[in-house]
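A.B. asks: In UniProt numbering, the protein residues as written are 1 to 149.
Ideal placement from N, C-alpha and C gives every residue a C-beta, glycine not left out.
None of these values were measured; they are calculated from a predicted model.
Below are the structure tokens for one structure; questions will follow.
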């Protein structure tokens, strides 16, 4: 299980004295515990892989948002730090689809749903995201759909 794997990785990072990795892993572990408590479960239980991926995806998105804000504020030191943390988080996430693959699926879904103009954009987005949940970045899917109208 992913949750267990991350707990074990904390020990390895401590032994290796990899401070950045250790900080990210501890943050993930704390987020897992918060997720368990929020779901009304005991903090010592383990999340399923699917639940763990949702939490890791959320943490990665937070890092991406932070990187964007730090770039706007010309804080390259913080951009580097957040980028290093994001790289570690991404090692635990499944590889996301490339834009070309997303385009094929969106076009097929558009055809299937019979969407012909921008009024059906919301339905197309919802149906596509249901199919691509965890497989594609929502921002990429939105860009592809926007480019079709």
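(1) CA-CA distance, residue 3 and residue 120?
(2) Scan the region 61-112 and note each continuous alpha helix (DSSP H) run of 4 residues or more that stays entirely inside, going in chain order.
(3) Would you kindly work out how many angstroms separate the C-alpha atoms of residue 118 and residue 54, rounded to a whole number?
(4) Within 10 angstroms of the Cβ of residue 82, are there 16 or more other Cβ atoms? Answer buried if so, exposed if not.
(5) Distance, Cα to Cα, residue 8 vs residue 131?
(6) Excluding the 5 residues flanking residue 51 on each side, which residues of the same chain have their C-beta closer than 7 Å to its C-beta?
(7) When burial is assigned at 16 or more other CB atoms within 10 Å of the CB, is residue 60 buried or exposed?
(8) Under 6 Å Cβ to Cβ from residue 143, same chain only, skipping five residues before and after it: list those, please.
(9) Would you mind working out which of 112, 25 and 11 sits nearest residue 92, comparing C-alpha positions?
(10) Please report the distance separating the alpha-carbon of residue 148 from that of residue 123.
(11) Going straight from the alpha carbon of residue 21 to that of residue 85, what length do you get?
C.D. replies: Let me spell this out:
(1) The sequence position of residue 3 within the chain shown is 3, counting from 1. The sequence position of residue 120 within the chain shown is 120, counting from 1. Near 39 Å, if we compare the C-alpha coordinates of residue 120 and residue 3.
(2) Inside the region 61-112, DSSP marks whole alpha helix (DSSP H) runs of 4 or more residues at positions 76-90, from first to last along the chain.
(3) For the purposes of this step, residue 118 is identified with residue 118 of the chain shown, where counting begins at 1. For the purposes of this step, residue 54 is identified with residue 54 of the chain shown, where counting begins at 1. Going by the C-alpha atoms only, they are around 30 Å apart.
(4) Against the chain shown, residue 82 aligns to sequence position 82. Buried, because 16 or more other Cβ atoms sit within 10 Å of the Cβ of residue 82.
(5) Here residue 8 refers to the residue found at position 8 when the chain shown is read from its first residue. Here residue 131 refers to the residue found at position 131 when the chain shown is read from its first residue. Their Cα atoms are separated by approximately 32 Å.
(6) The residue given as residue 51 occupies position 51 in the chain shown. Counting only Cβ-Cβ distances below 7 Å, and skipping sequence neighbours, we find 35.
(7) Translated into the one-based positions of the chain shown, residue 60 becomes position 60. Under this definition residue 60 is a buried residue.
(8) In the chain shown, residue 143 corresponds to position 143, counting from 1. Nothing meets the Cβ criterion.
(9) Start at 1 with the first residue of the chain shown, and residue 92 comes out as number 92. Answer by Cα proximity: 25.
(10) In the chain shown, residue 148 corresponds to position 148, counting from 1. In the chain shown, residue 123 corresponds to position 123, counting from 1. One C-alpha to the other measures close to 14 Å.
(11) The residue you call residue 21 lines up with position 21 of the chain shown. The residue you call residue 85 lines up with position 85 of the chain shown. Rounded to the nearest angstrom, the two C-alpha atoms are 7 Å apart.
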